[in-house]
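Comments concern the structure below.
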Amino acid sequence: MNKLVLFLYLHIMSLNYFFKKKSEKFTFEIDQIKLVYILSLVVGLLSALAAGLLKNAIHYTNQIITQGFVKESGSYFYLVYPLGGMLLTVFFIKYVIKDNISHGISRVLYAISKKRSRLKKHNTWSSLLASTLTIGFGGSVGAEAPIVLTGSSIGSVLGSFFKLNYRSITLLVGCGAAGAVSGIFKAPIAGILFTLEILMLDLTISSIVPLLISSVTAAIVATFLMGDKVLFTFNISGGFNVANIPWYLLLGITSGIISLYFSRMTLFLESGFSRVNNVYLRLLAGGMILSILIFLFPPFYGEGYDTIMALLQGKVDSVVSGPVFHNYRSFSVVMIFMAGMILFKVFASSATNGAGGVGGIFAPTLFLGGITGFFVSGMLRQYLGIEIPDNRFVLVGMAGTMAGVMHAPLTAIFLIAEITGGYNLLIPLILTSTVSFITTRSFEKHSIYHVQLAEKGELITHDKNKAVMVVMDWRKDIETDLTKVSSSQTLRDLVKAISLSKRNLFPVVDRFNILEGVVSLDDVREIMFRNELYDTTTVRKLMTIPPSYIDKKESLETVMETFRLTGAWNLPVLDNGYYVGFISKSRIYATYRELMSEFSEE
Numbered sequence: 003m004n005k006l007v008l009f010l011y012l013h014i015m016s017l018n019y020f021f022k023k024k025s026e027k028f029t030f031e032i033d034q035i036k037l038v039y040i041l042s043l044v045v046g047l048l049s050a051l052a053a054g055l056l057k058n059a060i061h062y063t064n065q066i067i068t069q070g071f072v073k074e075s076g077s078y079f080y081l082v083y084p085l086g087g088m089l090l091t092v093f094f095i096k097y098v099i100k101d102n103i104s105h106g107i108s109r110v111l112y113a114i115s116k117k118r119s120r121l122k123k124h125n126t127w128s129s130l131l132a133s134t135l136t137i138g139f140g141g142s143v144g145a146e147a148p149i150v151l152t153g154s155s156i157g158s159v160l161g162s163f164f165k166l167n168y169r170s171i172t173l174l175v176g177c178g179a180a181g182a183v184s185g186i187f188k189a190p191i192a193g194i195l196f197t198l199e200i201l202m203l204d205l206t207i208s209s210i211v212p213l214l215i216s217s218v219t220a221a222i223v224a225t226f227l228m229g230d231k232v233l234f235t236f237n238i239s240g241g242f243n244v245a246n247i248p249w250y251l252l253l254g255i256t257s258g259i260i261s262l263y264f265s266r267m268t269l270f271l272e273s274g275f276s277r278v279n280n281v282y283l284r285l286l287a288g289g290m291i292l293s294i295l296i297f298l299f300p301p302f303y304g305e306g307y308d309t310i311m312a313l314l315q316g317k318v319d320s321v322v323s324g325p326v327f328h329n330y331r332s333f334s335v336v337m338i339f340m341a342g343m344i345l346f347k348v349f350a351s352s353a354t355n356g357a358g359g360v361g362g363i364f365a366p367t368l369f370l371g372g373i374t375g376f377f378v379s380g381m382l383r384q385y386l387g388i389e390i391p392d393n394r395f396v397l398v399g400m401a402g403t404m405a406g407v408m409h410a411p412l413t414a415i416f417l418i419a420e421i422t423g424g425y426n427l428l429i430p431l432i433l434t435s436t437v438s439f440i441t442t443r444s445f446e447k448h449s450i451y452h453v454q455l456a457e458k459g460e461l462i463t464h465d466k467n468k469a470v471m472v473v474m475d476w477r478k479d480i481e482t483d484l485t486k487v488s489s490s491q492t493l494r495d496l497v498k499a500i501s502l503s504k505r506n507l508f509p510v511v512d513r514f515n516i517l518e519g520v521v522s523l524d525d526v527r528e529i530m531f532r533n534e535l536y537d538t539t540t541v542r543k544l545m546t547i548p549p550s551y552i553d554k555k556e557s558l559e560t561v562m563e564t565f566r567l568t569g570a571w572n573l574p575v576l577d578n579g580y581y582v583g584f585i586s587k588s589r590i591y592a593t594y595r596e597l598m599s600e601f602s603e604e
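3 is the number of the first residue of the sequence shown in the working numbering; add one for each residue after it.
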């Protein structure tokens, strides 16, 4: 009876302890979720303020330096200003920041995949100042990528300050990106979709709520600060005409082809600029290219949103400008001018970024789409008699190129739908964006933001297994505490090394640290107590050649494949032929399971 009472007592106490621990863990998880919700609101607020600050800084900088000048008059100051802005940007980056801050969205993606979502603190402000100098002085790029980098950095810094785990920090990085896009365009749905499609965050209940909080907060703050003048707004009127479906499909194919051209040419041109080692020679080359293009096509000066607004309002005369085209207004001249801008816009944006400026391709993509839509609309009206309002094709064309270049059709659809203040264009937007995406995807698997990371195997995707493989750095699990021995040493020396070591593997290296083989404790267990062999048996006779080795530069995927093919549990790691240590399959699996639990946490 006493034993039964004792058993029941111990059983009840153990259950009490178990539920207490579970309760503590549950309380901690709830508290962390609440903290993420609060921080997502703060991130949305600060991202919107950053967006407002940057847009106003660019506007007033441009206004101050161009006061009294008329762009259409061909003032040569417009040829000098962009080069001056890029020069100031280069000085700022080289002597103040001393870090690469270009291509903001790609840097965010790289931080998520290889830096545990940790961005440097200076990214919360450095991109704002650098892009103000670049774009405010007329650089032909957009401010969206710098704002996204700023918002994401705010989320990363706050998450790191509160010591949140990788998944929570990544979520706050996404909140910063969503808040940035929402704050720029006053488009909260597009902000969320941008994060899901571009940053590739998973759509789960635990992630969607913070993104909603951040994105809506940013939209409210943007509305409060700037009202309807967030970036550009345009109310579309009239319904959808089913008879125009073939022409929207045609626009989708055209947008897809132009998106492919823009993406590949951007990567090619910027790669060419990067091969010029002299920073000032690179600056001079890019500045000259941009100046010539602005001379021929004045709309290339700055972000280009004023050009899009002019096309939406039917003010084509203010778009076709510059010394070459200013006095001509025939249909042929207008179409040649538009075709020239479609062809050369990529050179203007690439020259700006390649020469040392800081900006993104978000605005150039929308600019390109607007011009493409206007061009296709004009050609259909002139040669086929198809009457479709230019402004509809301008807006739908913007969505088409955005879907093609960024591989983000949902973001493109809802961004334009929210900008127009309604969903009258929803069906054309879906048709054109989908066709453009399919067209581009048929030739290019990854978007312009993702392609370089994908080629290096550093791209996070929605596939949790592949995401873990990308994030995980197997080099941190290399075991370097194994006792090294020489092949010329005797069994006596080896036994002494065994007695002083806690490991059962002993790498055999020469005097240059080149791996010759390995001795396992199992290999010498039967003879290690035979004293008569101590001085006659050398390590060379006892060592075995490993079934394979792993180079330190190999990817985790290659490491796992090597383990699978050899069936080994431990393999040596070399760096350019020199011995580094050993990697254990069990250790890799343990780290993999730990990371997978973070990715799968709900």
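By construction, the Cβ of each residue, glycine as well, lies at the ideal position given by its N, Cα and C atoms.
For L412, same chain residues with a beta-carbon under 7 Å away, outside a window of 5 residues either side, are L195 and E199 in chain order.
By the criterion of a C-beta distance shorter than 8 Å, S276 is surrounded in its chain by G356, once the five residues flanking it on both sides are discounted. As computed with DSSP, P574 is found in a beta bridge with F584. In terms of CA proximity to I547, L573 leads the group L573, N533, D577 and K96. Restricting attention to alpha helix (DSSP H) runs no shorter than 4 residues, the region 254-318 encloses them at 281-298 and 307-314, ordered along the chain.
A check of alpha carbon separations from V407 across G140, S438 and W571 identifies S438 as the nearest. Counting along the chain, the unbroken alpha helix (DSSP H) around G399 starts and ends at D392 to M408. Between M88 and G289, the gap from beta carbon to beta carbon is short of 8 Å. Membership of L523 in the alpha helix (DSSP H) is indicated by the continuous run L523 to V526. The region 338-402 contains, as complete alpha helix (DSSP H) runs of 4+ residues, the segments 364-386 (chain order). Taken atom to atom, the span from the alpha-carbon of A287 to that of C177 is near 38 Å. Put simply, the backbone Cα of I247 is about 8 Å away from that of L433. In the DSSP annotation of this structure, V98 is not part of any alpha helix (DSSP H), being labelled neither H nor E.
In this structure G144 touches A365 by the C-beta definition: roughly 3 Å separates them, less than 8 Å. For a cut-off of 8 Å, the C-beta gap from L455 to L201 is around 12 Å, too long to register as a contact. Annotated as proximal: F302 and I296, with beta-carbon spacing under 8 Å. Excluding five sequence positions before and after E305, the CB atoms of its chain that fall closer than 7 Å to its own CB belong to I137, G144, A145 and A365, given in chain order.
Setting aside the 5 residues that flank it on each side, Y536 is surrounded in the same chain by T492, L493, R494 and V497, each with a C-beta closer than 8 Å to its C-beta; the list follows chain order. About 6 Å separates the beta carbons of M474 and L597, which is inside the 8 Å limit, making them a contact pair.
T206 and L43 have their C-alpha atoms some 18 Å from each other. Contact between G402 and S435 holds, with the beta-carbon distance rounding to 6 Å and staying under 8 Å. In this structure, DSSP gives G144 an extended state, which the three-state scheme calls strand.
Look at G569 here: in three-state DSSP terms it is coil, with no helix or strand label.
The residue from G324, I590 and H409 with its alpha-carbon nearest to that of S449 is H409. Fewer than three pairs of CB atoms, one per stretch, sit closer than 8 Å, so the region 375-392 makes no contact with the region 158-169. Under the DSSP assignment, F439 falls in the alpha helix (DSSP H) whose first and last residues are L428 to F445. The three-state secondary structure of I500, taken from DSSP, is helix. Per DSSP, reduced to three states, the secondary structure at V487 is strand. For G106, DSSP assigns no beta-bridge partner whatsoever. Counting every other CB atom within 10 Å of its CB across the protein chains shown gives G375 a total of 16 or more, marking it as buried.
Between I103 and I95, the beta carbon gap of about 6 Å places them in contact (Cβ cut-off 8 Å). DSSP links E481 through a beta bridge to F584. DSSP, read as helix, strand or coil, puts F327 in coil. Under DSSP, F508 takes part in a beta bridge, and its partners are V521.
With fewer than three CB-CB distances shorter than 8 Å, the region 256-272 does not count as touching the region 314-323. Rounded to the nearest angstrom, the Cβ distance from S488 to V510 is 7 Å, consistent with a contact under 8 Å.
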